[in-house]
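Notes follow once the structure below has been shown.
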Amino acid sequence: MIRIGVIGTGIMGAGHARFINEHVENAEVTALADIDLQRVSDLAEELGTVTLQTSNPEELMNSADVDAIVIASPDPLHVEHLRLAMSSGKPTLCEKPIATNLEDARAISSEIQKYEEGKGKKVISFGFMRRFDPGYMRLREEINSGNYGKPLYVKAVVRNHQSPGITSTGLFTNIAIHDFDIYGWLFQSEWESVTSFYPPHSGSSPSDLKDPLIFVAKLKNGITLVADAIANGTAGYDTRVEVVCERGNLEIGPFGDFAIRTTENFEVNRGGVPDLNWMKKFERSYINELRAWVKEIETGVVNPDLATHKDALTANESAAMGAASIS
Ligand SMILES: NC(=O)c1ccc[n+]([C@@H]2O[C@H](COP(=O)([O-])OP(=O)(O)OC[C@H]3O[C@@H](n4cnc5c(N)ncnc54)[C@H](O)[C@@H]3O)[C@@H](O)[C@H]2O)c1
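One point on numbering: in the working numbering, the residue at position 241 of the sequence shown is 245, and numbering is uninterrupted.
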């Protein structure tokens, strides 16, 4: 049994903890850390497997009751918590992003590189969970089948219902970073350029937040992404993607529903009440990601889809190109 300690018991930390206990074989959550001790104790009571409750992440990481660590603290704390995790020597799954700016992302990525070289193995993984989502996995399969010809461009939306405390740069480093990761993964290419555009400001967002954001990003292989990111949207949580190929269009709808559109078959996505955050839509991805991580720890066999520090840095480099294009 791999005993897991979770840092941060907000939406993601609590979600990971529940998924581990309910869906991941050979793993359970034994420790929780959060500066909000009420959250810790509420979640510990719900889980029923927690023996260490603390407000101190370092205490959790060094506890003899913890074999592996999930970092689900706020973005600006990831660098500090990654350093503590490396000192503890334990396998770690850190939520995206690796850092909130490029300088920090490069520094921590190179520290992880040296640390893993010293250990002779991969120890730190990152939570780019769309790689484990049934919809994106199917997208990869359909594209690689060649049935629809070459992929040409992607139209995507990523819209949060609420994003308390987010900054204009954060629309790239916190929200659109998933797009940079997943389409780089899907098309096996790196991002070359990002340009942002701003339609009229939304009154649903603070006046100093550049929200919504529209951006056009180009991969080195020419495939182009036209996307929008919304931090505070009025229509619930909404992620959608359409990959336009030479002989058909492949689409993942807001509920993860997959549709293929060709001249022979024009599928339509279903409707319904939207979710208010990402947990339900991406539940399968989080569970698959956690299972892959635990299996990697158990077997020592690296899963090529589980994001590394290099993948996380690549995503931040793209987000930085986006941030540099904020006007
Ligand atoms: N992969 C994904 O799909 C996905 C989705 C949402 C969020 N995230 C990432 O997960 C992380 C957490 O996001 P969230 O939505 O759960 O945020 P949240 O605000 O709901 O939770 C963060 C928690 O961290 C706690 N915290 C603050 N300072 C701390 C400290 N010093 N030590 C320990 N805990 C501390 C807070 O009290 C809070 O409970 C963020 O980095 C976010 O970008 C990833």
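Where is the CB? At the ideal position from N, CA and C, for every residue including glycine.
Since we're looking at a predicted model, the values are computed, not measured.
Going by C-alpha positions, His27 is about 29 Å away from Lys123. Contact between His182 and Asn281 does not hold, since their C-beta atoms are separated by about 14 Å, which reaches or exceeds 8 Å. Ranked by Cα distance from Met283, the first of Asn66, Glu29 and Asp137 is Asp137. Closest in alpha carbon position to Gly188, among Tyr202, Ser209 and Leu229, is Leu229.
By the Cβ test, the segment 283 to 303 is not in contact with the segment 150 to 163, since fewer than three Cβ pairs between them sit closer than 8 Å. Each of Ala21, Glu32 and Ala31 was checked against the Cα of Val44, and the nearest Cα belongs to Ala21. The beta-carbon separation of Asp315 and Phe184, rounded to 10 Å, does not stay under the 8 Å limit for a contact. Thr243 sits buried, since 16 or more C-beta atoms from the chains shown fall within 10 Å of its C-beta. Residue environment for Lys94: buried (at least 16 other C-beta atoms within 10 angstroms of its C-beta). Shown in chain order are the residues whose CB sits closer than 6 Å to a heavy atom of ligand 1: Ile11, Gly12, Thr13, Gly14, Ile15, Met16, Gly17, Ala37, Asp38, Ile39, Asp40, Arg43, Pro61, Ala76, Ser77, Pro78, Asp79, Leu81, Glu99, Lys100, Gly131, Met133, Asn178, Trp282 and Phe286. When secondary structure is reduced to three states using DSSP, Trp297 falls in the helix class. By the Cβ criterion, the segment 316 to 323 is in contact with the segment 102 to 120, since at least three pairs of Cβ atoms, one from each stretch, lie closer than 8 Å. By the 16-neighbour rule on beta-carbons within 10 angstroms, Arg163 is buried.
With respect to Ile75, Thr96 sits close: the two C-beta atoms are nearer than 9 Å. In the DSSP assignment, Phe219 falls outside any alpha helix (DSSP H) and within the unbroken beta strand (DSSP E) covering Leu217 to Leu223.
When the five nearest sequence neighbours on each side are left out, the beta carbons in the same chain lying within less than 6 Å of the beta carbon of Ser77 are those of Ile11, Gly12 and His85, in order along the chain. By the CB criterion at 9 Å, Tyr140 and Ile256 fall inside the cutoff.
Listed in chain order, the beta strand (DSSP E) elements of length 3 or more contained wholly in the segment 43 to 70 are 56 to 58. Contact check for Ile8 against Ala31 passes: the beta carbons are separated by less than 9 Å. Going by DSSP, Phe132 is part of no beta strand (DSSP E) at all; its letter is neither H nor E. In the structure shown, Glu120 falls within a helical segment according to DSSP collapsed to helix, strand and coil. The C-alpha of Met65 lies about 41 Å from the C-alpha of Lys159.
Closest option to Lys224, judged by alpha-carbon separation, among Phe191, Val247 and Ser211: Phe191. If the five residues before and after Glu146 are omitted, its C-beta is found closer than 6 Å to the C-beta atoms of Leu254, all from its own chain and listed in chain order. In this structure, the beta-carbon distance from Ile264 to Gly252 falls below 9 Å.
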